[in-house]
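Note that the working numbering numbers the sequence shown so that position 69 is 101, with each residue one more than the last. C-beta: ideal position from N, C-alpha, C; glycine also. Below is one structure, written out as structure tokens, with a few remarks after it.
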Amino acid sequence: MEAKGLPFPRPDVVEPARSTEAEPPDGGRVWLPLNALRAFEAVGQRLSFTGAAAALHISQSALSRHVGRLEEYLGCRLLERRSQGMALTAAGAALLPVVAQSFDRIEETLKGLRRQPGQGGRVLKVHMPPTFLHVVGLSLLAEFRRAFPDVPIDVSSSNGIGLPAGRSVDLAVVFDRPHLGDAIRDPLWMVSQTPACAPEVAARATGLDLAAFLRANELLHVKLEGEPFGTLWSVYTRQRGIDIAVSRGLAFETEALAVQCAVAGGGVTLVDVDLFASELADGRLVTPFANATSQSGFGYYLAVHPDDMADPAVALFRSWVVRRYAQLPSVPG
């Protein structure tokens, strides 16, 4: 990550320690150690004092003093050295994305204030899971840009459950279970899934029930960060009352890859019937058994932090996407 170049005091000047006991008498903000926070962000992003010092153009000793003062200020450790290298503590992992996002927003606002008239608005940072992005997200973003060409968008993508860790984004489409949290989540759709495969694989289902068919074929899985191998198949077979071993087969990083393997005849995958409606409609994928669709317990949500709701670009994108999905009986292809 490049050094931000924020117009804060020089990073090589170590701030004096200040007492955290007294609150401001006038109800104002508490003192914030900006240099120390900037130093911690650089080290935390790289997990290296050497790399962070080079990026900030300061000595490692000054950088170490900054981080030490911040830990003293907070009363807890943020970084720890291990045999494999440096690592964030739980406190450090909680603080780093907040610091990074705050600095990013300050920098973006300052850039916006410095722009000359006619240069356009700020860049909106949007995150989407890879399969969602490839199947429906690209067309969705193109449609939004046609409607609002003055809103530039920076798109990022990573595979996982929930909000992307360690990333500074304004809005994120997330794949997750329903739950309460800090972010505001607008449901886009809940995932309905069914076993699907290539026509030549489905032809082998003759005379078999669903359980026997699944036992006889390769299971194709989608890896979910923080979840055990075969989670989606485990949920499905439990819902259907099927007793088969799901800890076998091939696991892929994205659902799109699992579907490609299934289309090529590589096995049976659990397919999102809305997201891959076109593959099912044109016969590239077939469902060998009728009435075999179940709710996965996961869904796609548009997530935004409450603090960002007042941002005009964030509010515009959120309301447009929510209206776009509210008008559709199923997922756009």
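Looking only at its chain, what residues have a beta carbon closer than 8 angstroms to the beta carbon of residue i, apart from the 5 residues adjacent to it on each side?
i, result
"Gly297", "Cys229, Ala230, Glu232 and Val233"
"Leu102", "Pro65, Ala68, Leu69, Ala71, Phe72 and Leu110"
"Arg177", "Val183 and Ile185"
"Leu312", "Ala228, Val303, Val305, Val318 and Thr319"
"His337", "Asp214, Ala215 and Ile216"
Figure out for me which residue from the options has the closest Cα to the Cα of residue i.
i, options, result
"Gln77", "Ala119, Leu64 and Glu103", "Ala119"
"Leu212", "Ala235, Ala237 and Gly194", "Gly194"
"Pro320", "Phe349, Trp265 and Ala244", "Ala244"
"Arg272", "Trp352, Ala313 and Thr226", "Thr226"
"Ala342", "Phe330, Ile216, His98 and Gly262", "Ile216"
"Ala358", "Leu334, Ala174 and Ala179", "Leu334"
"Ser80", "Ala283, Gly117 and Glu257", "Gly117"
"Gly299", "Gly331, Glu250 and Ala345", "Glu250"
"Val167", "Asp218, Asp306 and Gly262", "Asp306"
"Ala277", "Ser266, Glu287, Glu285 and Thr286", "Ser266"
"Arg209", "Val223, Ala197 and Pro196", "Val223"
"Leu246", "Leu172, Asp275 and Val130", "Asp275"
"Val369", "Trp352, Ala237 and Pro344", "Limits of the chain in this structure are 33 at one end and 365 at the other, which puts residue 369 out of reach."
"Leu348", "Pro184, Glu287, Ser326 and Ala294", "Pro184"
"Ser96", "Gly107, Thr82 and Leu106", "Thr82"
"Ser328", "Arg114, Val346, Trp63 and Leu264", "Leu264"
"Tyr332", "Gly100, Val130, Pro162 and Trp63", "Pro162"
From the DSSP output, in three-state form, read off residue i for me.
i, result
"Ala204", "strand"
"Arg272", "helix"
"Phe164", "helix"
"Cys229", "strand"
"Gly329", "strand"
"Trp265", "helix"
"His337", "coil"
"Ser189", "strand"
"Arg113", "strand"
"Val158", "strand"
"Leu312", "helix"
"Asp136", "helix"
"Pro12", "The displayed coordinates of the chain run from 33 to 365. Any statement about residue 12 would go beyond what the structure contains."
"Ser91", "coil"
"Val318", "strand"
"Ser279", "coil"
"Ser96", "helix"
Tell me which residue opens and which closes the beta strand (DSSP E) that residue i is part of.
i, result
"Arg209", "Here Arg209 belongs to no beta strand (DSSP E), and DSSP marks it neither H nor E."
"Phe284", "Leu282 to Phe284"
"Thr301", "Val300 to Asp304"
"Ala119", "Gly117 to Leu120"
"Val254", "Leu251 to Val254"
For residue i, which residues from the same chain have a beta carbon less than 7 angstroms from its beta carbon, with the 5 sequence-adjacent residues on both sides left out?
i, result
"Thr121", "Arg109, Leu110, Leu111 and Glu112"
"Leu289", "none"
"Ser279", "Phe261 and Gly262"
Going by DSSP, what residue range makes up the alpha helix (DSSP H) through residue i?
i, result
"Phe245", "Leu242 to Arg247"
"Phe176", "Leu170 to Ala179"
"Leu348", "Pro344 to Ala358"
"Asn323", "Here Asn323 belongs to no alpha helix (DSSP H), and DSSP marks it neither H nor E."
"Gly428", "A question about residue 428 goes unanswered here, because the residues of the chain that appear run from 33 up to 365."
"Cys293", "Glu287 to Val295"
"Leu69", "Leu66 to Arg78"
If I measure Cβ to Cβ from residue i and keep anything under 6 angstroms in the same chain, skipping five residues before and after, which residues do I get?
i, result
"Ser200", "Ala132, Gln133 and Asp136"
"Ala283", "His253 and Lys255"
"Lys157", "Asp186, Val201 and Asp202"
"Met160", "Gly169, Ser189 and Val205"
"Asp218", "Leu334 and Val354"
"Leu127", "none"
"Val155", "Pro184 and Asp186"
Using a beta-carbon distance below 8 angstroms, is residue i in contact with chain C?
i, result
"Trp63", "In the displayed structure, chain C is absent; only one protein chain is listed."
Hey, would you say the C-beta of residue i is under 7 angstroms away from at least one heavy atom of the ligand HEM?
i, result
"Ala125", "In the structure shown, the ligand HEM is absent, as is every other ligand, since no ligand is present at all."
| said: When you compare the region 254 to 270 with the region 174 to 193, are there three or more beta-carbon pairs, one atom per stretch, that lie closer than 8 angstroms? | reply: yes
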